[in-house]
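For the sequence shown, UniProt numbering gives the first residue as 1, with consecutive numbering after it.
Before any comments, here is the structure.
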Amino acid sequence: MEILYSRYANAVIDETVVTQAASNGHVEILQWIHPRLADMLPCYKQYNFYTMKTMALAAEKGHLAVVQWMFETRGRDNEDDQTETQLHQAAARGGHLQVVKCLRTHSIEAISPRVLDEAAAGGFSEIVAFLHAEWIEAKLECNRSSCQASARAMNEAASNGHLEMVKWLHEYRKEGCTVEAMNRTAWNGHLDVVRWLHGHRTEGCTQQAMNMAAKGGHLKVVQFLHEHRSEGCTYNAMDWAAQENHLDIVQWLQDNRAEGCSRLTLNEVAKRGHFKILQWLHENRTEGCTVAAMNAAATYGHLKIVQFLHLNRSEGCTTAAMDGAAANNHLEIVQWLHRHRSDGCSRSALDDAARNGHFEIVRWLDSQRSEGCSTSAMDGAAEYGYLNIVKFLHTQSTEGCTIRAMNGAAGNGHLDIVQWLHENRQEGCTADAMDEAAKNGHLHVMHFLHANRQEGCTVRALNVASTRGDFLMLEWLRSNFYLNVTEWPIHAGLNAITVDRIEILQWFLKHFSASAVLDVRILYNAARYHNRSHIMAYLDGHWTVDNGNLCQAYRSHWKSLFNAQS
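Next up, the structure:
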């Protein structure tokens with residue numbers, strides 16, 4: 001740090017440096033930075049860098065020395081829109097007992113009982129026991145709101161499989177739990193916790209317990225709930241088990257429960273390619289399916305399922321089957337549907353295949369099908385860089401393209417396609433072509449469009465280049481276009497502040513400070529809104545603000561600048 005600072009003495013230490021140092025436990029760097037912040041920010045309290053959010057990062061990672069130092073340094077009157085509760089919760093969530101104890105000593109606010117919820121969720125028994133003992137020692141009755149945790153403690157502990165924590169909370173705390181404890185524990189497959197809750201608590205569960213256990217593939221939990229609980233399940237149990245490919249659970253539910261499944265189950269199973277379950281459902285259930293089953297199977301490339309449904313079911317499919325298969329490059333399925341089904345396809349098949357670069361399917365559809373395509377085919381192929389398809393469509397179809405073709409190709413940096421369209425098509429482009437090329441940093445495309453087209457660009461090109469921090473693009477735009485300097489610098493400057501690119505803001509003010517000086521207040525307010533203190537420090541080289549008023553040291557300078565513009 002000292003070497004870098006000596007070499008770059010004018011560099012501004014920003015809140016990012018403080019945050020990184022704190023979250024990584026480098027208290028010595030924080031101590032080195034602290035006195036220098038006051039020198040850099042004469043009208044901005046350096047203590048504002050030590051926010052609760054930053055301290056919480058250190059607390060959750062267990063950096064005790066950082067937490068202690070920041071507490072002692074920031075003082076008690078530091079303004080912050082956050083409460084200390086998030087600090088306590090972060091330390092408990094990370095399982096750091098010593099940090100929790102430190103916060104207990106230094107905090108103005110009492111440690112919220114909600115902190116116990118966080119510790120219990122993580123199974124951190126030492127923290128839970130410490131907080132419990134603190135409240136007992138303080139002679140706080142456990143049924144008072146000042147020391148009342150919530151049912152979330154046991155709910156979360158149970159859900160995460162922390163059985164010993166659940167037992168401890170049951171014995172020493174009075175908050176209890178809700179039905180969510182057993183519901184979520186069943187979902188996560190913690191049979192030992194489910195069994196204990198059933199034997200020692202009275203909250204029970206809902207039908208969601210068995211439903212979610214089935215979805216999670218936890219057969220033993222499903223069986224336990226069936227044998228020992230009365231809540232049962234709904235058809236979602238078999239639906240979700242089938243969708244997640246748990247055939248053993250589907251079969252068990254069929255043999256032991258009466259809820260069955262829904263008609264949508266076979267549709268979803270076909271979509272996901274679970275052939276064995278699909279076959280079993282067809283043979284053992286009567287709910288059936290809809291055309292969505294074959295449509296989805298074709299779209300996602302499951303030829304075996306498409307063939308099975310065709311041979312064994314009567315629902316069939318629609319044009320969406322071949323459309324989807326073509327879009328996803330499943331040529332074998334497209335050809336099979338063409339030979340064995342009469343549903344055909346729509347123009348979307350060729351449009352989507354072209355946009356996705358599936359040349360073989362484009363050629364096959366063009367030669368074997370009569371639906372054709374729309375202008376979206378060439379537009380999409382051009383936008384995503386498939387010159388071979390663009391050329392093919394140019395010679396084989398009459399639909400052509402629109403201005404979206406060159407606009408999209410330019411935006412994605414496909415110079416070869418931009419050149420080809422310029423030389424072989426008449427649709428042209430709009431200013432969006434250069435704007436999008438600038439947005440994505442395609443300077444080579446900008447060169448070509450500037451030299452060969454007349455559409456130009458708009459203020460948006462400058463704004464998006466500033467957002468990217470693209471100096472080469474900014475310099476090129478400044479050198480090759482007349483800029484309305486009363487319109488764009490302030491917007492681009494605000495973009496630079498929003499994305500935290502101080503170097504771009506410096507570039508703006510270097511080249512356009514004369515036109516933008518009356519907008520410095522807007523820039524400063526934006527920096528303050530986004531908490532960009534380093535940008536505020538940079539702007540303080542011109543003027544600065546303290547509680548809404550100009551700092552005395554800069555008033556005369558600001559007045560002279562203002563008068564110069566009058």
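No residue lacks a Cβ here, since even glycine has one placed at the ideal position from N, Cα and C.
Remember, it's a predicted structure, so these values are computed and weren't measured experimentally.
What residues in its chain sit with their C-beta under 7 Å from that of Val269, if we drop five residues either side in the sequence?
Ala242, Gln243, Ile277, Leu278 and Leu281
Who are the Cβ neighbours of Asn480 in its own chain at under 7 Å, not counting the five residues just before and after it?
His450
Mind listing, in chain order, the continuous alpha helix (DSSP H) runs of no fewer than 4 residues lying wholly within the segment 386-448?
387-396, 403-411, 415-424 and 432-439
Hey, out of Ile305, Gln68 and Gly301, whose CA is closest to Cys289's CA?
Ile305
Pull up the distance between the alpha-carbon of Trp420 and that of Glu28, whole angstroms please.
Pairing Trp420 with Glu28, the inter-Cα distance amounts to about 60 Å.
Relative to the C-alpha of Val99, which residue among Ser125, Asp117, Glu118 and Gln68 is closest?
Answer by Cα proximity: Gln68.
When you compare only the Cα positions, how much space is there between Leu131 and Ala153?
13 Å
Relative to the C-alpha of Met536, which candidate in His530, Tyr529 and Tyr524 has its C-alpha closest?
For the residues His530, Tyr529 and Tyr524, the minimum Cα distance to Met536 belongs to Tyr524.
Indicate whether residue 573 and Asn267 have their beta-carbon atoms separated by less than 8 Å.
Past the boundaries of the shown model lies residue 573; the chain is included only from 1 to 566, so the question cannot be answered.
Rounded C-beta distance between Leu57 and Ala22? I'm assuming under 8 Å.
The pair is a contact, with the Cβ atoms about 6 Å apart (cut-off 8 Å).
Backbone CA spacing between Ile33 and Ser107 [nearest angstrom]
24 Å
For Gly217, which residues in the same chain have their Cβ closer than 7 Å to its Cβ, ignoring the five residues on either side in sequence?
Closer than 7 Å at Cβ, skipping near neighbours: Glu244, His246 and Ile249.
Rounded to whole angstroms, what's the CA-CA distance from Arg347 to Asp470? Just pull it up for me.
40 Å
For Thr234, tell me which candidate among Gly260, Leu219 and Gln454 has the shortest Cα-Cα distance.
Checking every option, the nearest Cα to that of Thr234 belongs to Gly260.
Leaving out five residues before and five after Ala293 in sequence, what residues of the same chain have Cβ atoms less than 7 Å from its Cβ?
Contacts found: Leu266, Asn267, Ala270, Leu309 and Glu315.
Just the C-alpha distance for Asn24 and Lys61, rounded to the nearest angstrom, thanks.
8 Å
Since Ser348 is in the alpha helix (DSSP H), which residue starts that stretch and which ends it?
Unbroken alpha helix (DSSP H) run through Ser348: Arg347 to Arg355.
For Ala209, which three-state DSSP category applies?
helix
My output table needs one value for Glu15: the three-state DSSP class, helix, strand or coil.
Here DSSP, grouped into helix, strand and coil, assigns Glu15 to helix.
Where Asn356 and Val362 are concerned, what is the direct C-alpha to C-alpha distance, given to the nearest angstrom?
10 Å
Determine the burial state of Ala214: buried for a count of at least 16 other Cβ atoms within 10 Å of its Cβ, exposed for fewer.
buried
Using the Cβ count rule (16 or more neighbours within 10 Å means buried), how would you classify Thr398?
Counting the other CB atoms within 10 Å of its CB gives Thr398 a total below 16, which places it among the exposed residues.
What number of angstroms, rounded off, separates the C-alpha of Asp351 from the C-alpha of Thr395?
16 Å
Measuring only the C-alpha atoms, how far is Gly189 from Glu118?
21 Å
Around the Cβ of Pro113, are there at least 16 other Cβ atoms within 10 angstroms (buried) or fewer (exposed)?
buried
Residue interval of the alpha helix (DSSP H) (run including Asp379)
Thr375 to Glu383
Where do the N-terminal and C-terminal ends of the alpha helix (DSSP H) with Ile522 fall, by residue?
Val520 to Tyr529
Does Ser230 come out as helix, strand or coil in the three-state DSSP assignment?
coil
Which residue's Cα is closest to the Cα of Glu15: Leu37, His26 and Cys429?
Comparing Cα-Cα distances from Glu15 to each of Leu37, His26 and Cys429, the minimum goes to Leu37.
For Ala377, which residues from the same chain have a beta carbon less than 6 Å from its beta carbon, with the 5 sequence-adjacent residues on both sides left out?
Excluding residues within five positions, the ones whose Cβ falls inside 6 Å are Leu350, Asp351, Ala354 and Leu393.
Boundaries (first-last residue) of the alpha helix (DSSP H) holding Thr299:
Val291 to Thr299
Could you give the DSSP three-state label for Ala258: helix, strand or coil?
coil
Using the Cα positions of Ser159 and Arg184, report the straight-line distance between them to the nearest angstrom.
Between Ser159 and Arg184, the C-alpha separation is close to 5 Å.
Whose C-beta lies closer than 6 Å to the C-beta of Asp416 among residues of the same chain, with five residues either side of it excluded?
Leu387
So is Asn256 buried or exposed if we call it buried at 16+ other beta carbons inside 10 Å?
exposed
Gly493, DSSP secondary structure in three states
In the structure shown, the three-state DSSP call for Gly493 is helix.
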